[in-house]
C-alpha cells in the first residue's frame with residue numbers, strides 16, 4: 025500500500041469513524057458506490073484532505089473525483 029493511500033485510509037477512518045468500511049480500500053474503490061459517501065460525506069472528506077495535505081479542491085475537481093485513486097492523484101499533483 026503506498027504511503028498516500030495509507031494516510032488517506034487512516035484519514036477516512038478518523039473522519040467517518042464507523043460510517044464507512046475502510047478495510048480493503050484500494051485506489052480503485054469508488055467514493056460513492058463502494059465507500060457509501062454521499063454529498064455531505066464528500067464535503068467532509070474534501071475538507072479533511074485539504075487540511076491534512078495542504079491542498080485545495082476546486083468545484084471542477086469534484087466532477088472528476090470518483091475513486092480513491094483520483095483523490096490520491098490530486099494530492100500528489102500538489
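Residue numbers (the working numbering): 25 to 102.
Where a beta carbon is used, it is the ideal one built from N, C-alpha and C, also for glycine.
For residue 86, same chain residues with a beta-carbon under 8 Å away, outside a window of 5 residues either side, are 66, 70 in chain order. Taking all protein chains in view, the Cβ of residue 98 is crowded by 16 or more other Cβ atoms within 10 Å, so the residue is classified as buried.
Each of 40, 48, 43, 41 was checked against the Cα of residue 29, and the nearest Cα belongs to 48.
Residue 91 is bridged by DSSP to 54. Contact check for residue 91 against residue 52 passes: the beta carbons are separated by less than 9 Å.
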